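Asker: Residue numbers (the numbering used here), protein chains in the order written: chain A, 254 to 544; chain B, 33 to 337; chain C, 14 to 293.
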Amino acid sequence: MSAQPATARSYSAVPAQPLRKGGVRIADVVKVYGTSEAGILAVDHCTFDVPPGEITVVVGPSGCGKTTLLNAIAGFHSISSGNIYLDDELLCGPRKLKAQPGPDRIVVFQNGALFPWKTNIENVTFGPIMQGLLSRAEAYEKARDMMADAGLRGIEHNYPGEMSSGVRRRVEIVRALMNDPKILLLDEPYRALDSLTKSVMHEALLEVFYKNRVTIFFITHDLEEAIFLGHRVVIMTTRPCRPKKILDIDIPHPRDYSVLTTKRFREFMDETAAAVHEEALKAFAAGEKER
Amino acid sequence: MTEASPLRALNRDVSLGLADDAVRGISPLALAIHRFLLWLRSPRPYLMIVGFTLFIGFWYLAVEVWKLPRFSEMPGPTEVVREWFSRNPTYGLSVFTPEYYLHIWVSTRRVAIAFFLATAIGVPLGLFLGWSERFKQYVFPVFELLRPVPPLAWVPLAIVMFKGSETPIIFLTFLASFYATALNTMLGVESIDVSYTRAASCLGATRWQVFRHVIVPGAMPFIFTGLQISVGVAWFSLVAGEMVSGQYGLGYVINTSYTMVRYPTIVIGMITLGIVGYVTSAAVRFVGDHLMQWRTRELALGGDR
Amino acid sequence: MAKAFVLRAMSTVGGDDFWRGIASIAVFLIFWEVGSRSQALFGIAFPWISQIPAPSAVLQELVVLVQDPSFWMSALLSTLRVFEGFLAAMVVGIPLGLAMAVSRTFYGITFPVFEVLRPIPPLAWVPASIIFWPTQELSIAFVTFLGAFFTIVINVIGGAQAIDVRYFQAARSMGSSTWDIFCRIILPATLPSIVVGATVGVGITWAVVVAAEMISGGGSAGSVGGAAGGGLGFFIWNSYVGGSYTQIVAGMISIGIAGYLSSAVLRKIGKWLTPWLSQY
Chain A
254 MSAQPATARS YSAVPAQPLR KGGVRIADVV KVYGTSEAGI LAVDHCTFDV PPGEITVVVG
314 PSGCGKTTLL NAIAGFHSIS SGNIYLDDEL LCGPRKLKAQ PGPDRIVVFQ NGALFPWKTN
374 IENVTFGPIM QGLLSRAEAY EKARDMMADA GLRGIEHNYP GEMSSGVRRR VEIVRALMND
434 PKILLLDEPY RALDSLTKSV MHEALLEVFY KNRVTIFFIT HDLEEAIFLG HRVVIMTTRP
494 CRPKKILDID IPHPRDYSVL TTKRFREFMD ETAAAVHEEA LKAFAAGEKE R
Chain B
33 MTEASPLRAL NRDVSLGLAD DAVRGISPLA LAIHRFLLWL RSPRPYLMIV GFTLFIGFWY
93 LAVEVWKLPR FSEMPGPTEV VREWFSRNPT YGLSVFTPEY YLHIWVSTRR VAIAFFLATA
153 IGVPLGLFLG WSERFKQYVF PVFELLRPVP PLAWVPLAIV MFKGSETPII FLTFLASFYA
213 TALNTMLGVE SIDVSYTRAA SCLGATRWQV FRHVIVPGAM PFIFTGLQIS VGVAWFSLVA
273 GEMVSGQYGL GYVINTSYTM VRYPTIVIGM ITLGIVGYVT SAAVRFVGDH LMQWRTRELA
333 LGGDR
Chain C
14 MAKAFVLRAM STVGGDDFWR GIASIAVFLI FWEVGSRSQA LFGIAFPWIS QIPAPSAVLQ
74 ELVVLVQDPS FWMSALLSTL RVFEGFLAAM VVGIPLGLAM AVSRTFYGIT FPVFEVLRPI
134 PPLAWVPASI IFWPTQELSI AFVTFLGAFF TIVINVIGGA QAIDVRYFQA ARSMGSSTWD
194 IFCRIILPAT LPSIVVGATV GVGITWAVVV AAEMISGGGS AGSVGGAAGG GLGFFIWNSY
254 VGGSYTQIVA GMISIGIAGY LSSAVLRKIG KWLTPWLSQY
């Protein structure tokens with residue numbers, strides 16, 4: 254980490270400010286699709302906290318309704334009742350069922366949503382330029398620094414379609430971080446990747462986290478991924494979605510892949526595998542279609 | 033991943049992640065030459081020659097040598113070629129006569145006017161139809177009500193509605209293009225993955241910015257598919273319009289050559305129409321590829337999705 | 014799945030968008046009615062639209078026409094022509110397209126010729142077709158055939174070439190012969206594109222039939238082929254020559270309905286032929 258330009262953030266393993274932001278409180282949230290009689294209950298009285306400055310991973314079978322929860326935080330979908338707070342500020346509640354999407358909560362999508370018609374750097378600078386926060390030149394400078402810092406030097410003027418999917422995910426995370434979000438919402442971002450790439454991406458994500466201490470809300474159906482990444486793992490029931498088990502993973506950060514072979518990791522796996530498997534069986538029996 | 037270190041993972045040389053490093057930095061000309069040489073080495077050009085030889089050979093033999101029944105009425109290939117490239121054509125139309133170019137010009141001009149009008153109206157309409165659910169609910173039913181009537185069935189009404197012989201033909205041509213363009217643009221907007229608009233609103237884009245930076249470029253591939261179809265149907269309707277009413281133009285040439293028994297000129301008109309039609313649609317494709325570099329490059333790499 | 018179902022149930026006939034559609038069509042008809050009568054109503058003729066007969070007048074004309082057997086004869090004649098040309102295009106186009114997709118050599122020989130002929134609009138073939146074919150009926154049928162033919166062939170080739178190669182590998186590993194692969198994989202896998210090609214093709218066929226009937230029936234002072242012919246295209250041309258503008262619009266509406274019905278029927282048949290596609 255050489256001398257940084259004024260616009261760049263100062264990175265260190267310990268955040269400069271101890272003030273952590275991006276805590277989300279989900280309080281008694283219900284989501285029903287369709288009318289209340291003929292509707293489908295997707296989220297059922299769901300209550301849990303996403304602590305600020307930590308990684309919270311939500312695990313559940315496909316189609317259980319965890320994406321619904323993420324969409325409610327992001328402001329893509331309304332909720333039916335309950336409250337969601339971001340840093341004690343109400344995002345959505347009974348009077349305002351749908352939150353306003355904004356750059357303080359940025360989603361990294363399942364299949365990636367880099368705009369294929371914009372070059373990588375145009376993608377990365379999209380947020381600040383659209384919001385009018387930075388001039389084009391400033392945004393480009395900051396983007397170049399951040400991309401270089403994430404090991405993405407030299408691909409600024411390529412299109413996302415020319416890159417491997419792993420690189421695209423990394424560019425997408427840089428695009429999110431450019432906006433200095435309070436919380437990153439990751440919706441099964443590594444689902445389509447092969448397991449080798451996935452392991453590289455996990456380490457990359459952890460490194461981003463150590464540098465920025467941005468709160469991360471991560472959705473997956475991969476238990477190992479959840480325990481490896483999370484400070485906190487929330488295991489969901491199959492539809493309707495409700496926390497079945499909340500675990501605080503006391504494996505110290507920073508973690509790397511040697512963690513996977515430790516005894517403590519195995520203990521967590523053993524403790525949770527049965528619960529997750531049980532829900533997976535229920536989901537399978539209910540015939541939920543993958544989507 | 034035995035020697036895992038959290039810091040190493042990110043700073044790894046990223047060119048490993050490029051789908052194909054070799055393709056970058058090659059000039060388009062070199063690529064074109066390379067592709068041409070590959071093509072020459074494949075059996076395709078020789079099969080193509082066989083195909084054309086069979087086609088023209090059969091035409092020649094059936095008409096000019098064997099003089100098969102029915103075929104003997106038709107102009108043969110040598111007759112057509114001789115007429116087409118004659119300095120002193122028997123029937124008055126060849127590459128050396130100015131009228132030939134006048135007809136091409138008149139037809140092309142009509143298609144161009146109709147095409148640009150259809151694009152100027154059809155693309156924005158399609159964008160709004162796809163973008164706003166409400167707008168679509170109000171406008172699309174009328175669009176769907178009018179669409180089943182083929183543009184060519186408008187011929188008499190167009191003549192009644194518009195004065196002169198030029199406007200009705202342009203109107204017909206416009207109508208055919210317009211449907212194709214508007215419909216494909218709308219489908220293009222509807223095909224855009226909702227993740228893109230969501231990502232943009234997440235990143236703080238306003239509704240208008242989403243339209244400008246996501247909807248318009250995202251629909252671009254479909255828009256250009258629509259424009260290609262649009263040029264095709266424009267020629268299609270133009271010919272009908274020119275054959276029914278109108279003066280000058282290639283459809284007119286074909287029709288009058290029939291009544292005046294200038295049979296070789298009919299074929300000259302048809303071939304010319306084919307060439308001009310092909311050139312215009314190639315031009316649209318070229319503009320599309322040029323505007324959608326991202327797509328061209330993605331496809332060139334074989335699309336790692 | 015379930016989400017989509019609920020959403021669809023909400024947007025059926027009684028929904029808001031249904032009434033918005035009705036409202037928009039009503040506004041369109043009122044606008045048309047007032048526009049056509051603008052000369053009488055306001056003393057100013059609106060441009061273009063005042064030349065078109067009002068919808069009420071057209072409706073009256075339609076009521077008279079449906080009681081007229083000769084109108085039904087025209088409709089029948091056009092429908093028959095569409096059917097003939099379309100059928101011929103399917104019978105020739107599907108095997109040709111499949112052969113081109115299956116054999117690389119055959120594709121190499123025929124496709125370039127095909128691509129050279131394709132940009133020539135079907136109606137440009139009308140005079141040549143009249144010279145070549147002994148009867149007027151055959152020459153119209155040939156042009157109609159051309160209209161659907163190119164679309165169908167292109168769709169068949171595209172569909173067959175897009176088949177996932179793993180299907181072939183799977184079939185081979187289960188011991189299929191080449192003939193089995195053709196019948197049980199290539200044919201059904203191409204079926205959806207055949208259906209699409211046919212639906213588009215039948216629309217083009219209607220356009221071509223109508224235009225061919227106009228050109229051969231009327232044209233620039235009855236140029237091509239004399240006054241015989243008949244059919245809906247000839248009907249509207251004849252109405253134009255006779256100055257009966259309500260008949261023109263009534264004829265156009267009939268053509269629109271006929272074309273719409275043809276593609277609706279094809280879509281139904283297509284759905285029935287490809288049940289595995291209809292889960293959405």
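Beta carbons: idealized from backbone N, C-alpha and C, even for Gly.
From a predicted model like this one, the values you see are computed outputs, not experimental measurements.
Keeping to the same chain, check which residues put their C-beta closer than 7 Å to that of Q52(C); ignore five residues upstream and five downstream.
Answerer: Taking the first residue of the third sequence as 1, we reach residue 52(C) at position 39. Once the five neighbours on either side are set aside, the close Cβ partners of Q52(C) are A58, S63.
Asker: Measure from the C-beta of P201(C) to each C-beta in chain B and report whether the shortest distance is under 8 Å.
Answerer: Counting from one through the third sequence, the residue named residue 201(C) turns up at place 188. By this cut-off, P201(C) is not an interface position.
Asker: Rounded to whole angstroms, what's the CA-CA distance from T304(B) to G108(B)? Just pull it up for me.
Answerer: Residue 304(B) sits at position 272 when you count from the first residue of the second sequence. Residue 108(B) sits at position 76 when you count from the first residue of the second sequence. C-alpha of T304(B) to C-alpha of G108(B): approximately 16 Å in a straight line.
Asker: Taking Cβ positions only, does Y92(B) come closer than 8 Å to chain C?
Answerer: For the purposes of this step, residue 92(B) is taken as residue 60 along the second sequence, with counting starting at 1. Y92(B) does not count as touching chain C.
Asker: Where does P82(C) fall in DSSP's three states?
Answerer: Here the question's residue 82(C) lines up with position 69 in the third sequence. Note: P82(C) maps to helix in three-state DSSP.
Asker: Please list, in chain order, all residues of the same chain as G106(C) whose beta carbon is under 6 Å from its beta carbon, the five residues on each side excluded.
Answerer: The sequence position of residue 106(C) within the third sequence is 93, counting from 1. Around G106(C): F162, I165, V166.
Asker: Identify whether A607(A) lies in helix, strand or coil by the three-state DSSP scheme.
Answerer: The shown model of chain A, from 254 to 544, leaves out residue 607(A), and the question about it has no answer.
Asker: Would you list the residues sitting across from I499(A) in a DSSP beta bridge?
Answerer: Your numbering for residue 499(A) matches position 246 in the first sequence. Bridge partners of I499(A): V487(A).
Asker: Provide the residue(s) that pair with D475(A) in DSSP beta bridges, ordered along the chain.
Answerer: Counting from 1 along the first sequence, the entry for residue 475(A) is found at position 222. Answer is none; D475(A) lacks a bridge partner.
Asker: Return the chain-ordered list of same chain residues with a C-beta closer than 8 Å to the C-beta of F368(A), the five sequence neighbours on each side being excluded.
Answerer: The sequence position of residue 368(A) within the first sequence is 115, counting from 1. Once the five neighbours on either side are set aside, the close Cβ partners of F368(A) are E375, N376, F379, P413.
Asker: How would you list, in chain order, the residues of chain B whose beta-carbon sits under 7 Å from the beta-carbon of P108(C)?
Answerer: Counting from one through the third sequence, the residue named residue 108(C) turns up at place 95. Per Cβ cutoff of 7 Å: no residues; P108(C) is ~18 Å from chain B at best.
Asker: Which partner residues does G346(A) have in the DSSP bridge list?
Answerer: Your numbering for residue 346(A) matches position 93 in the first sequence. K349(A).
Asker: Taking the alpha-carbon positions, what's the G172(C) to V104(C) distance?
Answerer: For the purposes of this step, residue 172(C) is taken as the residue at position 159 of the third sequence. For the purposes of this step, residue 104(C) is taken as the residue at position 91 of the third sequence. Those two C-alpha atoms are separated by around 17 Å.
Asker: If you draw a straight line from the alpha carbon of W192(C) to that of Q182(C), how long is it in whole angstroms?
Answerer: Taking the first residue of the third sequence as 1, we reach residue 192(C) at position 179. Taking the first residue of the third sequence as 1, we reach residue 182(C) at position 169. Distance from the CA of W192(C) to the CA of Q182(C), rounded to the nearest whole angstrom, comes to 14 Å.
Asker: Just verifying my parser: in three-state terms, what is the DSSP assignment at G172(C)?
Answerer: In the third sequence, residue 172(C) corresponds to position 159, counting from 1. Here G172(C) sits in helix by DSSP.
Asker: Over what stretch of residues does the alpha helix (DSSP H) that includes R131(C) continue unbroken?
Answerer: Translated into positions along the third sequence, residue 131(C) becomes position 118. Counting along the chain, R131(C) falls outside any alpha helix (DSSP H), and DSSP gives it neither H nor E.
Asker: Check the DSSP bridge columns for V47(C) and list the partner residues they point to.
Answerer: Stepping through the third sequence from its first residue, residue 47(C) is reached at position 34. None; V47(C) has no bridge partner.
Asker: Taking contact to mean at least 3 C-beta pairs separated by less than 8 Å, is the region 273-284 of chain A in contact with the region 293-303 of chain A?
Answerer: yes
Asker: Measure the alpha-carbon distance for M187(C) versus E222(B) and round it to whole angstroms.
Answerer: Position 174 of the third sequence, counting from 1, holds the residue named residue 187(C). Position 190 of the second sequence, counting from 1, holds the residue named residue 222(B). CA-CA distance, M187(C) to E222(B), rounds to 40 Å.
Asker: Can you tell me which of the three DSSP states C196(C) falls into?
Answerer: By 1-based counting over the third sequence, the position of residue 196(C) is 183. In the structure shown, the three-state DSSP call for C196(C) is helix.
Asker: Going along chain C in order, which residues have a C-beta closer than 7 Å to the C-beta of Y170(B)?
Answerer: As a working note, residue 170(B) is residue 138 in the second sequence. Chain C residues near Y170(B): R33, S37.
Asker: Of all Cβ atoms in chain B, is any one closer than 8 Å to the Cβ of I359(A)?
Answerer: Locating residue 359(A) in the first sequence gives position 106, counting from the first residue. Yes, I359(A) counts as interfacial toward chain B.
Asker: Within 8 Å (strictly less), CB to CB, does Q73(C) reach chain B?
Answerer: Start at 1 with the first residue of the third sequence, and residue 73(C) comes out as number 60. Cβ-Cβ to chain B under 8 Å: no for Q73(C).
Asker: Inspect the beta-carbon positions of V316(B) and F256(B) and report whether they are closer than 8 Å.
Answerer: Within the second sequence, the letter at position 284 stands for residue 316(B). Within the second sequence, the letter at position 224 stands for residue 256(B). Closer than 8 Å, so yes.
Asker: Does the region 87-101 of chain C come close enough to the region 137-144 of chain C to have 3 or more Cβ pairs within less than 8 Å?
Answerer: no
Asker: When the cut-off is 8 Å and only beta carbons count, does V138(B) lie next to chain C?
Answerer: Position 106 of the second sequence holds residue 138(B). Answer no: the Cβ-Cβ gap between V138(B) and chain C never drops below 8 Å.
Asker: Could you check whether the Cβ of A327(A) sits closer than 8 Å to any Cβ belonging to chain B?
Answerer: Position 74 of the first sequence, counting from 1, holds the residue named residue 327(A). For A327(A), the closest Cβ of chain B is nearer than 8 Å.
Asker: Write down the C-beta distance between V405(B) and L184(B) rounded to the nearest angstrom, noting that I regard them as a contact closer than 8 Å.
Answerer: Nothing about residue 405(B) can be read from this structure; chain B reaches only from 33 to 337.
Asker: Hey, R71(C) and A220(C): beta-carbon distance below 8 Å or not?
Answerer: To locate residue 71(C), count along the third sequence from 1; it is residue 58. To locate residue 220(C), count along the third sequence from 1; it is residue 207. Residue identity check: residue 71(C) is Val in the sequence provided, not Arg. For V71(C) and A220(C), no; Cβs fall outside 8 Å.
Asker: When the Cα of T297(B) is compared with those of Q325(B), R142(B), V112(B), which residue comes out closest?
Answerer: As a first step, residue 297(B) is located in the second sequence; it is residue number 265 there, counting from the start. The shortest CA-to-CA distance from T297(B) to any of Q325(B), R142(B), V112(B) is the one to V112(B).
Asker: Does the Cβ of T515(A) have 16 or more other Cβ atoms within 10 Å, making it buried, or fewer, making it exposed?
Answerer: Taking the first sequence and counting its residues from 1, the one referred to as residue 515(A) is at position 262. It is exposed - the Cβ of T515(A) has fewer than 16 other Cβ atoms within 10 Å.
Asker: T328(B) and D321(B) - do their beta-carbons sit closer together than 8 Å?
Answerer: Translated into positions along the second sequence, residue 321(B) becomes position 289. Translated into positions along the second sequence, residue 328(B) becomes position 296. Contact: yes.
Asker: I want to verify the contact list: residues of chain B whose CB lies under 9 Å from the CB of Y412(A), in sequence order.
Answerer: Locating residue 412(A) in the first sequence gives position 159, where the first residue counts as 1. The contacting residues are Q325, W326, R327, R329, E330.
Asker: Taking 8 Å as the threshold (beta carbon to beta carbon), is D177(C) in contact with chain B?
Answerer: Within the third sequence, the letter at position 164 stands for residue 177(C). It does not: the Cβ of D177(C) has no partner Cβ on chain B nearer than 8 Å.
Asker: Going by Cα to Cα distance, which pick from M454(A), V427(A), S417(A), C317(A) is closest to L534(A)?
Answerer: One-based indexing of the first sequence puts residue 534(A) at position 281. Comparing Cα positions, the closest option is C317(A).
Asker: According to DSSP, S229(A) sits in a beta bridge with which residue or residues?
Answerer: Past the boundaries of the shown model lies residue 229(A); chain A is included only from 254 to 544, so the question cannot be answered.
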